[in-house]
Amino acid sequence: MSGGLLKALCNNSYRELSQYWDQHFQGDNEKQEKLLKKSCTLYVGNLSFYTTEEQIYELFSKSGDINKIIMGLDKLKKTAHKFYWDAGFKEGRQCVRGQCGGQVQDEYRRDYDAGRGSYGKLAREQ
């Protein structure tokens with residue numbers, strides 16, 4: 001694999017922006033678009049469970065500098081979750097993980113349906 005593809009992705013004249021927009025961004029669309037054009041975040045998915053972080057680094061470092069590689073891990077088995085990415089334009093927004101490897105949820109759901117799932121069973125018993 002040549003390094004030309006990743007370099008082309010980071011070239012502003014080539015880049016076509018994704019349809020994804022960060023719903024929590026604290027600025028207007030123009031500012032977000034400007035930051036996205038400077039970002040060189042690369043998501044790699046559908047990989048073998050046996051792919052290692054070192055293999056990802058070895059392959060993509062041929063195309064240029066790598067800021068950071070984030071590897072999703074199964075919290076029980078500590079095996080790869082088949083996705084990786086080189087972290088993008090804002091430090092701290094890459095991935096939030098708890099001490100045990102689980103994803104941290106920073107919101108509380110208030111609209112439970114008592115007729116569904118185990119919470120519904122608990123609500124009926126009270």
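All residue numbers for the sequence shown refer to the UniProt record's numbering, where the first residue is 1 and numbers rise by one.
Even glycine gets a Cβ: it sits at the ideal position worked out from N, Cα and C.
| Query | Result |
| --- | --- |
| Cβ contact (3+ pairs, closer than 8 Å) linking the region 49-57 and the region 29-36 | no |
| Between the CA atoms of I66 and L73 - distance to the nearest angstrom | 20 Å |
| Cutoff 7 Å; reference F25; Cβ partners in own chain excluding five residues on either side | Q32 |
| Segment limits, alpha helix (DSSP H) that includes Y57 | E53 to F60 |
| 8 Å CB neighbourhood of K34 in its chain, flanking five on each side removed | none |
| Assigned secondary structure, L47 (DSSP; H/G/I helix, E/B strand, else coil) | coil |
| Nearest-angstrom beta carbon gap, I69 and Y57 [assumed within contact, 8 Å] | 6 Å |
| Spatial neighbours of E91 in its chain, beta-carbon cut-off 6 Å, leaving aside the 5 residues before and after | Note that E91 scores 47 on pLDDT, short of 50, meaning its location in the model is unreliable; the coordinates nonetheless yield the value given after this. Same-chain partners within the cutoff: there are none. |
| Secondary structure of K37, DSSP reduced to three states | helix |
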